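Single-structure report; data block below.
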Amino acid sequence: MIEIEHLSKVFQDKNGRVMALEDVSATIRDGDIFGVIGMSGAGKSTLLRCLCLLEKPTAGRILLDGKDLSALRGSELRAARRRMGVVFQGYNLLMQKTVAENVAFPLKLDKYDKAAVAARVAELLELVGLADKAASYPSQLSGGQKQRVALARALASDPEVLLCDEPTSALDPLTTRSVLELLQDINRKLGVTIVIITHELDVVRRICNRMVVIDESRFVEQGDTAAIFADPQSRIARLLLGKKED
Amino acid sequence: MQAFLNEYGMLLLGGVGETLFMTLAPTLCAYLLGLPMGVLLTVTKAGGIAEAPRFNAVFGWLVNILRSLPFMILMIFIIPFTRLIAGTSIGATAACVPLTVAAAPFVARMVEQSLEEIDRGTVEAARCMGATNWQIVTRVLLVESVPSLLRGLSISTITILGYTAITGAVGAGGLGNIAFRFGYQRYQKDLMYVTILLLILLVCLIQGVFNRIARHADKRSR
Ligand SMILES: Nc1ncnc2c1ncn2[C@@H]1O[C@H](COP(=O)(O)OP(=O)(O)O)[C@@H](O)[C@H]1O
Ligand SMILES: [Mg+2]
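Chains as they are written, first to last, in numbering that gives the first Met the number 0: chain A, 0 to 245; chain B, 0 to 221.
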């Protein structure tokens, strides 16, 4: 379970302070496919970067199974990171390494057994449907295939939580559907909690059981996806859903 | 032609050998020093994986000072150091010392530039997977930048080759020395032209070989 408690993030840049997240709270339960939807610049990526400990919150806490993540240092921090898999918006694959080597990367950070790593890589590539691309380089793959490699890599260390930043926004509708189905599969078969960040309503509608709507650095609405879709309360959710203001 | 080769063939061949030695040995040494220096410059930068802006500023400043010294001055300036290392301050082996000292900061900047090209996100991804800084350096930075590092190696080697002509002029041997003794002091134009031609050929050879290797090593372009 991930508890986000009164999280705020302020960036300091040349032209002053940017409030990227303002006192946001939410609970992501084990087994959820949790959608975070909002317009561009709302603070979605910042939320993800706080969750995966790339950014330090300005205020508030993030608890993973009751443990405060921002208090962790050194090897404890690295261990916590391995409990979460992240799929970045731009995939961020190693361009000079093969698909198999990319997926093996997180497995080789600790002491490892060569045969076990090879077996695990094969298993993961099978799972994402890229068994035949093991020896290819990322530059030889399509966007959807790169996304699958990033997914396999994120799953390599058997994380409890998978964080995905705009996993489908660069993909065509058909590829989007197959990636979403894959995510759903992963959630059901492996029991991995998934957080999906997106600006596409359809993504949330298709696979998220719970969601939060983020607007101008605040959570303006959260709850069961079905309930929010049936009766959106916030202005931005109504706008996104195409409901007329009354 | 035959007479020319009979008279100077061995001399020129020896010159090529010495020039190659004075180029490749210092290049190797300069990379042993410059590669870690370049990594240090990159990781300690603001926003780097081991941020230390103050150290970075001082270290960067030192590197720049070393780089801005004209090679001729540096060579004379460090003669005591050269004696200490090589036992003498003349000859091809001794020349390797100032060549290395001059090239190392240059190499450091070349390496820094190559590492800079790596996308921030790639490093962040590795960090998210729980990689240590050392693992990020050895398994991400130095791996992803290999093609660029190889192109930098080509430029560094050619730059050092250029420096050897200067050491040659002060008696360290090599093609530069031949050009200086015969072309400048005795005004034997033919011999000078041949040494120039040989130097150009060496540059092309080095560039051709390294760029070929770099292209072959780059997995992005196939
Ligand atoms: N490192 C940063 N420095 C300054 N401002 C930032 C930084 N990262 C994000 N921001 C700002 O925070 C806001 C939210 O950004 P982001 O989380 O990327 O939005 P989204 O992913 O929803 O499009 C934007 O106004 C953005 O300009
Ligand atoms: Mg974003």
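The beta-carbon is built from N, C-alpha and C at its ideal position, and this holds for glycine as well.
Since we're looking at a predicted model, the values are computed, not measured.
Mind the definition here: the region 232-243 of chain A touches the region 198-217 of chain A only if three or more C-beta pairs lie below 8 Å; say whether that holds.
yes
Could you run through the region 25-39 of chain B and flag, in chain order, every residue whose CB is less than 8 Å away from some CB of chain A?
none
The alpha helix (DSSP H) enclosing D157/A, as first and last residue numbers
Note, D157/A: premise wrong, no alpha helix (DSSP H); not H, not E.
Give me, in chain order, the residues of the same chain whose beta-carbon lies closer than 8 Å to that of A85/B; leave out the 5 immediate sequence neighbours on both sides.
T92, A93, C95 and V96
DSSP-derived helix/strand/coil call for K13/A
coil
Looking at chain B, is there any beta carbon in it that lies within less than 9 Å of the beta carbon of L189/A?
Taking Cβ atoms only, chain B never reaches closer than 9 Å to L189/A, which makes this a no.
Buried or exposed: where does M21/B fall if 16 or more other Cβ atoms within 10 Å of its Cβ makes it buried?
buried
Please determine whether the Cβ atom of A19/A lies at a distance below 8 Å from any heavy atom of ligand 1.
yes
Applying the 10 Å Cβ sphere with the 16-neighbour rule, what's the burial state of N55/B?
buried
Where the alpha helix (DSSP H) containing R81/A begins and where it ends:
G73 to R81
Under 7 Å from the C-beta of A130/B: neighbouring residues of chain A:
L108
Does G89/A get closer than 9 Å to chain B when you measure Cβ to Cβ?
yes
Beta carbon proximity, E6/B to chain A, threshold 9 Å
no
Please report the distance separating the alpha-carbon of L92/A from that of D184/A.
23 Å
May I ask you to report which of helix, strand or coil DSSP gives M9/B?
helix
Does the beta-carbon of G8/B have 16 or more other beta-carbons within 10 angstroms, so that it is buried, or is it exposed?
exposed
Spatial neighbours of V102/A in its chain, beta-carbon cut-off 7 Å, leaving aside the 5 residues before and after
V120, L123, L124, V148, A151, R152 and A155
Are there 16 or more other CB atoms within 10 angstroms of the CB of C127/B, so buried, or fewer, so exposed?
buried
Quickly, what does DSSP pair M18/A with across the bridge? List them, please.
For M18/A, which the question treats as bridged, DSSP gives the partners V9/A.
Distance cutoff 9 Å, beta carbons only. Does V139/B sit that close to anything in chain C?
The structure shown contains no chain C; the protein chains it does contain are A and B.
Cβ shell of F80/B (< 8 Å), same chain only, five flanking positions each side left out
V96 and V100
Residue ranges of each alpha helix (DSSP H) run of no fewer than 4 residues wholly in the region 204-229 of chain A, ordered along the chain?
224-229
For Q112/B, decide whether its Cβ has a neighbour in chain A, counting only Cβ atoms nearer than 9 Å.
no
To the nearest angstrom, how far is it from the Cα of G151/B to the Cα of G172/B?
Cα-Cα distance, rounded: 26 Å.
Members of the region 70-82 of chain A near chain B, C-beta cut-off 8 Å:
R77, A78, R80 and R81
For D64/A, which option in R28/A, V219/A and T167/A has the closest C-alpha, if you only look at C-alpha atoms?
Closest by alpha carbon: R28/A.
I'd like to know whether the C-beta of V127/A is nearer than 9 Å to at least one C-beta of chain B.
no
Tell me, please, whether the CB atom of F104/A is closer than 9 Å to any CB atom in chain B?
yes
Please classify C203/B as buried or exposed, where buried requires at least 16 other C-beta atoms within 10 Å of its C-beta.
exposed
Would you please state the rounded distance, in angstroms, between the beta carbons of T121/B and V139/B? I believe it to be under 8 Å.
About 6 Å; that satisfies the 8 Å criterion.
So if I threshold CB-CB distances at 7 Å, which residues from the region 19-52 of chain A count as touching chain B?
C51
Looking at the unbroken beta strand (DSSP E) that takes in R185/B, where does it start and where does it end?
Element bounds for R185/B: n/a, residue is neither H nor E.
Between which two residues does the beta strand (DSSP E) harbouring T192/A extend?
Per DSSP, T192/A belongs to the beta strand (DSSP E) from T192 to T197.
Please tell me whether, using a cut-off of 8 Å, the distance from the CB of I1/A to the nearest non-hydrogen atom of ligand 2 is below it.
no
If you scan the region 113-158 of chain A from start to end, which runs of the alpha helix (DSSP H) of 4 or more residues do you find wholly inside it?
113-126 and 142-154
In chain order, what residues of the region 230-244 of chain A put their CB closer than 8 Å to some CB of chain B?
Per Cβ criterion, the list is empty.
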